[in-house]
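To convert, take the position in the sequence shown, counting from 1, and add 263; that gives the working numbering.
Data first, discussion second: the structure below is written as structure tokens.
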Amino acid sequence: MRGPVFAVSAISLGRARGPGRRFPDIVPVLRRRTVITAPSPAPPTPSARRRRVARLASAVLDQRSRDRGRVAAQRGVRAGVAVFVALNMTLLLNTLYLQHTRQWTPLAAGLATLPLAAGATVFAPWSGRLVARTGPRLPLLLAGGLVTAGGLCMAGLTSHTSVFLLLTAYALIGAGFGFANAPITNTAVNGLPPARAGVAGAITSTARQLGAAVGIALAGGLVSGIDAAGLAHASRPGWLTVAGCGAALFVIARLSHPKPVAAAAPSPVGGA
């Protein structure tokens, strides 16, 4: 700033002293000395432009992949809560109904629920293969449909409901549970970066425990203080809740991606 200030001051002084007493040679000299020529920037080379475009594209893709993965992980957590709410409500309501309303022994009640365990055991490996082949959407759709159908089978429960309908409902709910586990874990873990896969697994386990606690609390609240004769009727809202959890799974499956969410690979930024 010293050169321009000095030049302005000298010009003002020369004009103030009048035309006869001006310093005629100082203005051109100062003009020559105060002209600053900045070098013009060189145009970017084609390789530099390519590197810049590649960096910008990689940043945009990484951000989109992170956002998509975060949403997918949240859906996986919600699906885990819904599945375990349905499962634990089924276990508690079924146990109370068979042993108190129908006066079955604990052994008979346990044997009656074998279709539930068999469905979960048989269809869980199929679910894993479907996730690897088509992504989490199809197994979640199947899980939602099966759990919804099983809950609706029990929505009109009475003290004389046929054993065949009970076993069918247990098998449907068990098959839905078997189809649900693999896509829930896959969605939650693949939705986060590999470095946070352990965190995703822990969050999924916490969601399952939360669903179990909520399911038991809801079922217990529905039948608390109800005698054996009215227990079947009092449990109907619980079975509708099981069907609602299946419908929630169906909606989550419709919103999920048909293919597993994969992390975006870094774009090459090299170039000559």
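No residue lacks a Cβ here, since even glycine has one placed at the ideal position from N, Cα and C.
Given the structure is predicted, the values throughout are model-derived calculations rather than measurements.
Out of 364, 385, 490, 511, which one is the CA nearest neighbour of residue 349? Here residue 349 refers to the residue found at position 86 when the sequence shown is read from its first residue. Of the residues 364, 385, 490, 511, the one whose Cα lies closest to the Cα of residue 349 is 511.
* Asked: Roughly how many angstroms separate the alpha carbons of residue 449 and residue 459, rounded to a whole number?
  -> Numbered from 1 along the sequence shown, position 186 holds the residue referred to as residue 449. Numbered from 1 along the sequence shown, position 196 holds the residue referred to as residue 459. So the two alpha carbons sit approximately 13 Å from each other.
Take residue 439 as the anchor and find which of 368, 378, 518 has the nearest alpha-carbon. The sequence position of residue 439 within the sequence shown is 176, counting from 1. Ranking 368, 378, 518 by Cα distance to residue 439 puts 378 first.
Round the Cβ separation of residue 483 and residue 354 to the nearest angstrom and send it over; I've been treating them as touching at under 8 Å.
-> Position 220 of the sequence shown, counted from the first residue, corresponds to residue 483. Position 91 of the sequence shown, counted from the first residue, corresponds to residue 354. Not really, about 12 Å apart at Cβ, beyond 8 Å.
Suppose you measure from the CA of residue 433 to the CA of residue 347; what does that come to, to the nearest Å?
Within the sequence shown, the letter at position 170 stands for residue 433. Within the sequence shown, the letter at position 84 stands for residue 347. Straight-line measurement puts the Cα of residue 347 at about 15 Å from the Cα of residue 433.
Taking a contact to mean a Cβ-Cβ separation below 7 Å, would you say residue 469 touches residue 451 in this structure? For the purposes of this step, residue 469 is taken as residue 206 along the sequence shown, with counting starting at 1. For the purposes of this step, residue 451 is taken as residue 188 along the sequence shown, with counting starting at 1. The criterion of a C-beta distance shorter than 7 Å is not satisfied by residue 469 and residue 451.
Cβ-based neighbour list, residue 464, same chain, cut-off 8 Å, excluding 5 preceding and 5 following: Within the sequence shown, the letter at position 201 stands for residue 464. The beta carbon of residue 464 sits closer than 8 Å to the beta carbons of 448, 451, 452 from its chain, once the five residues preceding and following it are set aside; these are given in chain order.
Terminal residues of the continuous alpha helix (DSSP H) containing residue 431? Within the sequence shown, residue 431 is the residue found at index 168, counting from 1. Counting along the chain, the alpha helix (DSSP H) containing residue 431 begins and ends at 426-453.
_Where the alpha helix (DSSP H) through residue 458 begins and ends_ = Working through the sequence shown from its first residue, we reach residue 458 at position 195. Per DSSP, residue 458 lies in no alpha helix (DSSP H) segment and is marked neither H nor E.
Excluding sequence positions up to five away, which residues of its chain have a Cβ less than 7 Å from the Cβ of residue 338? Working through the sequence shown from its first residue, we reach residue 338 at position 75. 450, 515, 518, 519.
**Item:** Expected contact under 8 Å - CB spacing of residue 411 and residue 509 to nearest Å
**Value:** Working through the sequence shown from its first residue, we reach residue 411 at position 148. Working through the sequence shown from its first residue, we reach residue 509 at position 246. The pair is a contact, with the Cβ atoms about 3 Å apart (cut-off 8 Å).
Straight-line gap, residue 493 to residue 486 (C-alpha atoms, nearest Å): The sequence position of residue 493 within the sequence shown is 230, counting from 1. The sequence position of residue 486 within the sequence shown is 223, counting from 1. The alpha-carbon atoms of residue 493 and residue 486 are separated by roughly 9 Å.
### Query
What's the gap between the Cα of residue 375 and the Cα of residue 343?
Locating residue 375 in the sequence shown gives position 112, counting from the first residue. Locating residue 343 in the sequence shown gives position 80, counting from the first residue. Note on geometry: alpha-carbon atoms of residue 375 and residue 343 lie some 25 Å from one another.
message: By the three-class DSSP mapping on this structure, what secondary structure does residue 367 have?
response: Residue mapping note: residue 367 aligns to position 104 of the sequence shown, counting from 1. When DSSP states are grouped into helix, strand and coil, residue 367 belongs to the coil group.
Practice prompt. Ignore the nearest five residues each way along the sequence and tell me which others in residue 475's own chain have a CB closer than 7 Å to its CB.
Written response: In the sequence shown, residue 475 corresponds to position 212, counting from 1. Short of 7 Å from the beta carbon of residue 475, and not among the five residues preceding or following it, lie these beta carbons of its own chain, in chain order: 347, 351.
Express the C-alpha separation of residue 437 and residue 399 in angstroms, rounding to a whole number. For this step, residue 399 is matched to residue 136 along the sequence shown. For this step, residue 437 is matched to residue 174 along the sequence shown. Spanning the two alpha carbons is a distance of roughly 18 Å.
Open item on the list: On the CB-based measure, 16 or more other CB atoms within 10 Å of its CB, does residue 442 come out buried or exposed?
Closed with: Counting from 1 along the sequence shown, the entry for residue 442 is found at position 179. Taking every protein chain shown into account, the CB of residue 442 has 16 or more other CB atoms within 10 angstroms, so this residue is buried.
Next on the checklist: How far does the alpha helix (DSSP H) with residue 402 in it extend, from its first residue to its last?
Outcome noted: Position 139 of the sequence shown, counted from the first residue, corresponds to residue 402. Unbroken alpha helix (DSSP H) run through residue 402: 400-416.
Residues near residue 415 in its chain [Cβ-Cβ closer than 7 Å; skip 5 each side]
The residue you call residue 415 lines up with position 152 of the sequence shown. Cβ-Cβ distances below 7 Å link residue 415 to 506 in the same chain, with the five nearest sequence neighbours on each side left out; the list follows chain order.
Is the Cβ-Cβ distance between residue 497 and residue 421 less than 7 Å?
-> Residue mapping note: residue 497 aligns to position 234 of the sequence shown, counting from 1. Residue mapping note: residue 421 aligns to position 158 of the sequence shown, counting from 1. Their beta carbons are not under 7 Å apart, which means residue 497 does not touch residue 421 by this criterion.
Could you work out which residue in 391, 473, 435, 392 is closest to residue 381 when comparing CA atoms only?
As a working mapping, residue 381 is identified with position 118 in the sequence shown. Of 391, 473, 435, 392, the residue nearest in Cα terms is 435.
Exercise. What residue from 489, 358, 490, 368 has the CA that sits closest to residue 429's CA?
Worked result: Residue mapping note: residue 429 aligns to position 166 of the sequence shown, counting from 1. Nearest option by C-alpha distance: 358.
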